[in-house]
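Contents: one structure, followed by commentary.
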Amino acid sequence: MTELGKSLFEEGFQEGKLENAIETARRAINQGMSDELISDLVGLSIREIQIIRIVAKTN
Numbered sequence: 056m057t058e059l060g061k062s063l064f065e066e067g068f069q070e071g072k073l074e075n076a077i078e079t080a081r082r083a084i085n086q087g088m089s090d091e092l093i094s095d096l097v098g099l100s101i102r103e104i105q106i107i108r109i110v111a112k113t114n
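Count along the sequence shown from 1, then add 55; that gives the number in this note's numbering.
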């Protein structure tokens, strides 16, 4: 695999991990978990969890 191919693969992999973390955070929010617990479980920052909460409320 070329360096470009490796780079694109890694970028896609990281994007998939982020999407999974966001979806898991959404489900945890719906279950009533705290921002701190969600952050610990999925590896997102407290601020990122707060943003997900705000977006979830507007949808």
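Cβ coordinates follow ideal geometry from the N, Cα and C atoms, glycine included. The structure displayed is predicted, hence computed values, not measured ones.
Using three-state DSSP, classify residue i as helix, strand or coil.
i, result
"S100", "coil"
"T57", "coil"
"T75", "Here residue 75 turns out to be Asn, not Thr, going by the sequence shown. DSSP places N75 in helix when its eight states are reduced to three."
"Q69", "helix"
"N114", "coil"
For residue i, is the classification buried or exposed, using 16 other Cβ atoms within 10 angstroms of its Cβ as the cut-off for buried?
i, result
"L59", "exposed"
"S62", "exposed"
"S94", "buried"
"L99", "buried"
If you compare alpha carbons, which of the options is closest to residue i?
i, options, result
"V97", "V110, E66, R82", "R82"
"A111", "A76, L92, N85", "N85"
"M88", "K72, E74, N75, Q105", "Q105"
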